[in-house]
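The number in this note's numbering is simply the position in the sequence shown, starting from 1, with 540 added. All C-beta atoms, glycine included, are put in the ideal place defined by N, C-alpha and C. In what follows, a single structure is set out as structure tokens and then discussed.
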Amino acid sequence: MHARKQQCLVLVGVIAIDLFMVARHSLAQEQVTADQMVTQMEDTYGVHPGQRRNHTKGLCALGEWVGSKEAATYSKSALFSGKTIPVIARFSNAGGFPDAPDTAKSARGMALEFKLPGNKLQHITMINTPMFGAATPKTFFDLLVATKPDASTGKPDPKKVAAFKATHPDNRAQAEFLEKNNPPVSYANSDYFGIHTFKFINADNKTTLVRWKFVPQQGEKRLTDEQMKTMPANFLAQELIDRTKKGPVRWDMLVWIGQPGDPEDNPTVLWPADRKQIKAGTLTITSAMPQKGAACEKINYDPLVMAEGIEPTNDPILTFRSPAYAVSFAKRIQGK
Numbered sequence: 541m542h543a544r545k546q547q548c549l550v551l552v553g554v555i556a557i558d559l560f561m562v563a564r565h566s567l568a569q570e571q572v573t574a575d576q577m578v579t580q581m582e583d584t585y586g587v588h589p590g591q592r593r594n595h596t597k598g599l600c601a602l603g604e605w606v607g608s609k610e611a612a613t614y615s616k617s618a619l620f621s622g623k624t625i626p627v628i629a630r631f632s633n634a635g636g637f638p639d640a641p642d643t644a645k646s647a648r649g650m651a652l653e654f655k656l657p658g659n660k661l662q663h664i665t666m667i668n669t670p671m672f673g674a675a676t677p678k679t680f681f682d683l684l685v686a687t688k689p690d691a692s693t694g695k696p697d698p699k700k701v702a703a704f705k706a707t708h709p710d711n712r713a714q715a716e717f718l719e720k721n722n723p724p725v726s727y728a729n730s731d732y733f734g735i736h737t738f739k740f741i742n743a744d745n746k747t748t749l750v751r752w753k754f755v756p757q758q759g760e761k762r763l764t765d766e767q768m769k770t771m772p773a774n775f776l777a778q779e780l781i782d783r784t785k786k787g788p789v790r791w792d793m794l795v796w797i798g799q800p801g802d803p804e805d806n807p808t809v810l811w812p813a814d815r816k817q818i819k820a821g822t823l824t825i826t827s828a829m830p831q832k833g834a835a836c837e838k839i840n841y842d843p844l845v846m847a848e849g850i851e852p853t854n855d856p857i858l859t860f861r862s863p864a865y866a867v868s869f870a871k872r873i874q875g876k
């Protein structure tokens, strides 16, 4: 009887170890490192020495920012002091192809570096879809794998893309948005969304969950279906350069005020449309130029570069971006 009990205990122990090993293996499969992510970008898009691994195609711009008093009640950040703050901006196309056509139904980006007093910085990096296409880094990694161009066709394998869509529902909302909405006629005629939830901390150390978007004062305008067929592959950069020569381009920053229960760690899920909204300030872009040798070229627009008064949430995509950006940045400044 005693021997049988010992055998049972040993069997239970073996099963427990097996279950632990399976769970650990499963967890390991779900985790992706920054190095693995950047390596997969290189595998999917190719290596373009000295350039960003994602949002490779883009241009630089310069301007200024003035924050609002209303935003200052929610955040003690110098961003909302009401003073004029210099900005170095970069506009871009999603993906790692330097020659990506401007008519592609992919995201457009706007990255901002605010030069705050005391040599402090605030970064804001955004895209022009209200949501992101992945709730976890693993989904974005799998998307890169699925959309790698086939060597024989130069296009992604439809079967791999279909399999990805069937197994990654967190990608669906952004994919459908991009499919239903044509690209903008100009970087200047596009909304840009922070996509993540952030924390505003005010002078009384009260925390408010927020999301934001930048809305163009010249209105949001998209290419028509006919323009999608006839526009050249490269028009966005020169269009913004020419437009800023005629006068400044402006966006208003609108901030949604969160309520208890609003998702704060999933950038694929939108907040309810009735959330309170405030105007947090205005961005003015006064000039734009090719990125080669310009001020934005060497900047690593890490979204976790934040000044006092703004803090990140535990969004796994948001926290992952910083180390992934660092890997890409280290490679490109070395000319790799």
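For Asp-792, the enclosing beta strand (DSSP E) has its first and last residue at 789-797. Cβ contact annotation for Glu-848 (same chain, cutoff 7 Å, sequence separation greater than five): Lys-616, Ser-617, in chain order.
Counting of Cβ neighbours within 10 angstroms places Asn-711 among the buried residues, the total reaching 16 or more. Assignment of Ile-857 by DSSP, reduced to helix, strand and coil, places it in the helix class.
Secondary structure of Pro-677 (DSSP, three-state): helix. Between Arg-872 and Gln-576 the beta-carbon gap is near 18 Å, outside 8 Å, which marks them as no contact.
Sixteen is the threshold: since fewer than 16 other Cβ atoms of the shown chains lie within 10 Å of the Cβ of Gln-778, the residue is exposed.
For Met-829, the enclosing beta strand (DSSP E) has its first and last residue at 817-830. Counting only runs of 3+ residues, the beta strand (DSSP E) found wholly inside the segment 618-705 occupies 624-633, 648-656, 660-667, in chain order.
Taking C-beta atoms under 8 Å as the contact rule, Tyr-727 and Leu-776 qualify, at a distance of about 6 Å. Gln-758 is a Cβ neighbour of Val-789, given a cutoff of 8 Å. The beta carbons of Asp-682 and Phe-717 sit about 19 Å from each other, so the pair does not count as a contact at 8 Å. Under the criterion of beta carbons closer than 8 Å, Trp-796 and Gln-817 qualify as touching, at roughly 6 Å. Excluding five sequence positions before and after Leu-858, the CB atoms of its chain that fall closer than 8 Å to its own CB belong to His-736, Pro-807, Pro-843, Leu-844, Pro-852, given in chain order. Residue range 738-741 is occupied by the beta strand (DSSP E) that includes Phe-738.
Non-local C-beta neighbours of Thr-624 in its own chain, meaning closer than 8 Å and more than five positions away in sequence, comprise Glu-604, Trp-605, Val-606, ordered along the chain. Distance from Gly-649 to Ala-634 at the Cβ level is roughly 7 Å; contact confirmed, criterion being Cβ atoms closer than 8 Å. If you look at Arg-712, you'll find it in the alpha helix (DSSP H) that goes 712-720. Residue pairing of Ala-601 in beta bridges, as defined by DSSP: Ala-629, Ala-828. In the three-state reduction of the DSSP assignment, Tyr-732 falls in the strand class, which pools E and B.
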